[in-house]
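Asker: Structure provided below as structure tokens; questions to follow.
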Amino acid sequence: HIVQWCAEGARSNSVFRWDLANIQSAASSLSEDPQTFLCRCPEELPGSCAFSLGDDTYFAEWAGALLEWNPQLRQVRYRLVPARLKEEVFWSRYFAGLRQVVQREVFGEPSAGSGPARQGGREAHPPDPDGI
Numbered sequence: 002h003i004v005q006w007c008a009e010g011a012r013s014n015s016v017f018r019w020d021l022a023n024i025q026s027a028a029s030s031l032s033e034d035p036q037t038f039l040c041r042c043p044e045e046l047p048g049s050c051a052f053s054l055g056d057d058t059y060f061a062e063w064a065g066a067l068l069e070w071n072p073q074l075r076q077v078r079y080r081l082v083p084a085r086l087k088e089e090v091f092w093s094r095y096f097a098g099l100r101q102v103v104q105r106e107v108f109g110e111p112s113a114g115s116g117p118a119r120q121g122g123r124e125a126h127p128p129d130p131d132g133i
């Protein structure tokens with residue numbers, strides 16, 4: 002579901018492929034230690050993402066699953082919240098960073114809404130209707 006959320010805004014005629022191991026590695030790299038987290042996750046999600054840890058969104062469920070999956074993230078959160086960041090700010094910054102690295106893995110660019118989609122490291126082009 003997280004990859005799908007990260008791909009929102011992709012062009013409708015985009016074709017892309019992704020490698021789960023690469024995405025997991027990129028996600029893990031965000032939380033190597035508190036300083037790495039602060040550098041790689043400098044900004045919160047934009048308001049258009051409607052971020053909330055409330056019951057009306059998936060973010061809290063995803064946060065719990067990510068903490069279970071990644072012990073480093075759990076340790077970084079323990080060291081940063083609440084000493085340096087509020088809970089909501091920590092997760093908003095983490096999901097913003099996560100969205101960026103997933104988009105980079107899937108599309109080969111930091112933002113799914115700009116530029117051509119990528120497929121396996123190559124630009125993906127819409128199918129040629131005459132070539133079908």
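Using this note's numbering, you'd call the opening residue of the sequence shown number 2 and step up by one each time.
In this text, a Cβ means the ideal position worked out from N, Cα and C, and glycines have one as well.
Along the chain, which unbroken stretches of the alpha helix (DSSP H) at least 4 residues long are found entirely within the stretch 57 to 100?
Answerer: Whole alpha helix (DSSP H) segments, 4+ residues: 60 to 70, 72 to 81.
Asker: Quick one: residues in its chain with C-beta nearer than 7 Å to the C-beta of residue 60, no 5 flanking neighbours on either side, listed in chain order?
Answerer: Walking along the sequence shown from the start, residue 60 turns up at place 59. Only 52, 53, 54, 92, 96 meet the Cβ criterion.
Asker: Is residue 77 closer than 8 Å to residue 32 when the C-beta atoms are compared?
Answerer: If you number the sequence shown from 1, residue 32 lands on position 31. If you number the sequence shown from 1, residue 77 lands on position 76. Closer than 8 Å, so yes.
Asker: Quick one: what does DSSP say residue 46 is sitting in, helix, strand or coil?
Answerer: As a working note, residue 46 is residue 45 in the sequence shown. If DSSP states are grouped into helix, strand and coil, residue 46 belongs with coil.
Asker: Could you give the DSSP three-state label for residue 30: helix, strand or coil?
Answerer: As a first step, residue 30 is located in the sequence shown; it is residue number 29 there, counting from the start. Three-state result, residue 30: helix.
Asker: Find out if the Cβ-Cβ distance for the pair residue 107, residue 4 is shorter than 8 Å.
Answerer: Within the sequence shown, residue 107 is the residue found at index 106, counting from 1. Within the sequence shown, residue 4 is the residue found at index 3, counting from 1. Yes; because the gap between Cβ atoms is below 8 Å, this pair is in contact.
Asker: Residue 45 to residue 79, Cα distance in whole Å?
Answerer: Looking up residue 45 in the sequence shown gives position 44. Looking up residue 79 in the sequence shown gives position 78. So the alpha carbons of these two residues sit roughly 19 Å apart.
Asker: Since I believe residue 41 is in contact with residue 98 (beta carbons under 8 Å), could you give me their beta-carbon distance rounded to a whole number of angstroms?
Answerer: Start at 1 with the first residue of the sequence shown, and residue 98 comes out as number 97. Start at 1 with the first residue of the sequence shown, and residue 41 comes out as number 40. Confirmed, Cβ separation roughly 5 Å.
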